[in-house]
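Each residue of the sequence shown is one higher than the one before, counting from 11 in the numbering used here. Idealized CB from N, CA, C, for every residue including glycine. Okay, so here's the structure we're looking at.
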Amino acid sequence: LISKLFGLFREQAIAAAFGVGPVVNAYVYAYVIPGFLLILLGGINGPFHSSLVSVLSKREKSEAAPIVETVSTVVSLVLLGVGGLLMLYAGFCIDVLAPGLDETTRSLAVLQLRIMSPLAVLAGLIGIGFGTLNAADQYWLPSISPLFSSLAVLIGLGVLAWQLGGAMNSPEYIRLGGMVLAGGTLAGGVLQWGAQLWAQLRSQLGQFRLRFDLGNEGVKEVLRVMAPATLSSGMLHINVYTDFFFASYIAGAAAAMRYANFVVLTPLGIMSNMILVPFMPVFSRLAAPENWEELKTRIRQGILLTALTMLPLTAIFMSLANPIVEVIYQRYAFSENAAQLVTPVLMTYGFGMFFYLARDVLVRVFYALGDGETPFRVSLFNIFLNAGLDYVLVNTFKTPGLVMATIGVNLFSMVILLWVLNRRLNGLPLLEWGMILLALCGISTVSGFASFGVSQLWQSWLGTENLFWLLGDLIVCSGVAVGLFLGLAMMLQLPELNLLIGRLQKKFFKNS
């Protein structure tokens with residue numbers, strides 16, 4: 011939660027400093043590949059994290075060091091080459107990703123990509139650190155280590171604002187602003203990895219040294235799961251590349267998608283850590299056929315916990331998108347026009363939250379079963395599906411159409427993965443689950459309309475010019491959405507709702 015809060019401060023600072031101008035648009039494209047690697051390889055629930063957890067959770071602590079050190083060595087050598095290629099061919103990468111950029115934005119993006127290219131190596135090491143520490147039941151440091159990345163960017167922007175004041179977004183300082191943003195991101199990655207390495211050394215979970223114990227059975231198992239899992243998740247992120255390819259022809263689209271996506275990812279990331287991180291070792295321990303009945307129960311829990319957390323947020327983001335954007339971003343360089351650009355994108359992202367996280371839950375089940383190939387095949391098909399949907403929807407809906415395409419891809423993935431699991435696990439109660447999800451979607455719709463109605467009344471009586479009243483609007487109307495959702499959901503008498511309430515109490519009120 012602290013990490014997400016600092017991430018929010020970082021995005022607010024970037025928005026206030028640069029708005030939706032060329033610095034942020036260039037940074038979005040420059041960060042696509044390093045960010046892809048950080049999320050794919052270095053993120054909690056990424057394939058590096060998931061594959062290490064699935065293997066190390068079945069082994070004694072004494073076996074961890076040779077596995078972790080060998081995997082770190084192999085991954086670092088590969089990613090060192092990737093980082094070098096990014097630095098040498100930054101211009102080519104930007105031209106492929108964003109052929110529609112103007113020359114100023116393009117040159118700035120090339121510079122920023124070169125600065126951030128070492129993140130390729132750091133991404134792999136961070137992901138390995140996440141998986142190693144989680145497998146040893148250490149969750150605290152991995153969950154807060156992204157804080158260092160946000161802090162580095164905030165310090166960089168703070169120094170820039172101190173030196174330049176209101177002129178930091180002026181044309182003569184655009185290049186300097188872009189360099190500070192990229193340099194802060196790189197420094198944050200170094201700090202994040204350093205914090206994890208310190209924790210690994212203290213826990214005797216491997217040192218930072220070269221090791222080539224490729225004959226180790228644990229290493230073979232990690233690489234066997236990691237390779238297809240990385241390719242599968244990579245296919246998903248290729249869809250992001252496709253979206254940005256189309257977005258490069260729409261002014262401000264990349265920045266709007268970044269700002270809106272972050273607002274959605276903040277609560278989604280918190281809930282993902284709460285749902286997926288504890289479930290991953292559980293899925294792995296139930297992978298044997300004699301445990302499949304309990305595995306089915308856990309899959310249901312994962313999906314319904316996802317629905318119970320994401321659908322109330324969908325109601326909030328779709329009904330209160332405009333005041334959310336105004337409260338979080340609208341100040342200094344981030345104008346009212348920028349807010350109008352971001353609001354419909356945020357609504358669309360909010361609509362797709364459940365499909366995104368539920369697909370992730372199902373993919374983790376396949377990883378636990380030692381099958382990275384099925385998600386990979388689905389993701390491979392989804393590249394073409396996403397490109398087709400982008401092409402069709404962007405002409406009608408502009409930037410929100412790109413997000414709609416992603417939602418369609420995630421929904422398709424859910425359906426296919428459930429169908430495969432149904433056959434593999436000798437049947438799942440899909441009709442029962444579907445009826446529950448349909449009821450929860452209906453409850454979310456009712457909650458959203460109620461929240462929107464109360465918000466309209468609030469604004470007509472008190473207005474939106476005052477930040478205090480705008481915050482009151484958000485708090486009251488969000489409370490209406492969540493309260494109504496919970497009240498109606500309780501009528502379904504779902505054990506997962508009690509489980510969710512218990513987890514929330516444990517997470518937020520354990521010291522009270």
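Report the CB separation of residue i from residue j in whole angstroms; it is logged as a contact under 8 Å.
i: residue 103; j: residue 111; result: Wrong, their Cβ atoms sit about 12 Å apart, outside the cutoff.
i: residue 292; j: residue 481; result: At roughly 39 Å, the Cβ-Cβ gap does not stay under 8 Å, so residue 292 and residue 481 are not in contact.
i: residue 100; j: residue 47; result: No, residue 100 and residue 47 are not in contact; Cβ-Cβ is about 14 Å, not under 8 Å.
i: residue 342; j: residue 26; result: 4 Å
i: residue 321; j: residue 495; result: 7 Å
i: residue 294; j: residue 369; result: Residue 294 to residue 369, Cβ: 19 Å. No contact.
i: residue 409; j: residue 257; result: 7 Å
i: residue 129; j: residue 199; result: 5 Å
How long is the line joining the alpha carbons of residue i and residue j, rounded to whole angstroms?
i: residue 253; j: residue 44; result: 17 Å
i: residue 371; j: residue 183; result: 44 Å
i: residue 452; j: residue 505; result: 19 Å
i: residue 349; j: residue 427; result: 37 Å
i: residue 98; j: residue 255; result: 21 Å
i: residue 335; j: residue 352; result: 7 Å
i: residue 201; j: residue 136; result: 10 Å
i: residue 466; j: residue 340; result: 20 Å
i: residue 109; j: residue 282; result: 34 Å
i: residue 484; j: residue 478; result: 10 Å
i: residue 158; j: residue 117; result: 28 Å
i: residue 161; j: residue 22; result: 13 Å
i: residue 168; j: residue 271; result: 24 Å
i: residue 229; j: residue 377; result: 16 Å
i: residue 300; j: residue 24; result: 52 Å
i: residue 442; j: residue 374; result: 22 Å
i: residue 89; j: residue 18; result: 29 Å
i: residue 415; j: residue 236; result: 27 Å
i: residue 425; j: residue 395; result: 14 Å
i: residue 179; j: residue 498; result: 48 Å
i: residue 280; j: residue 309; result: 19 Å
i: residue 346; j: residue 65; result: 50 Å
i: residue 521; j: residue 515; result: The pLDDT assigned to residue 521 is 49, lower than 50, so where the model puts this residue is not dependable, and the model offers no usable value.
i: residue 500; j: residue 39; result: 44 Å
i: residue 304; j: residue 429; result: 18 Å
i: residue 421; j: residue 181; result: 43 Å
i: residue 344; j: residue 454; result: 31 Å
i: residue 468; j: residue 247; result: 40 Å
i: residue 323; j: residue 226; result: 45 Å
i: residue 30; j: residue 493; result: 35 Å
i: residue 92; j: residue 249; result: 20 Å
i: residue 120; j: residue 487; result: 43 Å
i: residue 332; j: residue 233; result: 45 Å
i: residue 464; j: residue 318; result: 22 Å
i: residue 476; j: residue 267; result: 26 Å
i: residue 383; j: residue 434; result: 14 Å
i: residue 509; j: residue 307; result: 13 Å
i: residue 231; j: residue 380; result: 9 Å
i: residue 439; j: residue 241; result: 30 Å
i: residue 399; j: residue 391; result: 13 Å
i: residue 489; j: residue 290; result: 31 Å
i: residue 196; j: residue 432; result: 44 Å
i: residue 412; j: residue 419; result: 11 Å
For the segment 261-276 against the segment 31-39, do three or more pairs of beta-carbon atoms, one drawn from each stretch, fall closer than 8 Å, so that the two count as touching? yes
Stretch-stretch touch, CB-based, cutoff 8 Å, three pairs: the segment 111-129 with the segment 185-203: Output reads yes: the segment 185-203 touches the segment 111-129.
Give a yes or no on contact between the segment 357-365 and the segment 308-327, applying the rule of three or more CB pairs nearer than 8 Å. Yes: the two stretches touch, three or more of their Cβ pairs being nearer than 8 Å.
Tell me the start and end of each unbroken alpha helix (DSSP H) in the segment 354-429 that is at least 4 residues and wholly inside, in chain order. With a minimum length of 4 residues, the continuous alpha helix (DSSP H) runs that stay inside the segment 354-429 are 363-378, 383-407.
Determine, using beta-carbon pairs with one atom in the segment 266-286 and one in the segment 78-88, whether at least three such pairs fall under 8 Å. no
Specify whether the segment 393-408 and the segment 457-466 touch according to this definition: at least 3 beta carbon pairs, one from each stretch, less than 8 Å apart. no
Between the segment 310-319 and the segment 499-516, do at least 3 Cβ pairs fall closer than 8 Å? Judged by Cβ distances under 8 Å, the segment 310-319 makes contact with the segment 499-516, as three or more pairs qualify.
What residue ranges within the segment 244-330 form continuous alpha helix (DSSP H) runs of no fewer than 4 residues, ordered along the chain? 263-295, 302-329
Any 3 or more C-beta pairs closer than 8 Å across the segment 434-452 and the segment 387-399: The segment 434-452 vs the segment 387-399: no contact.
Curious, which full-length beta strand (DSSP E) runs of at least 3 residues does the segment 482-509 contain? none
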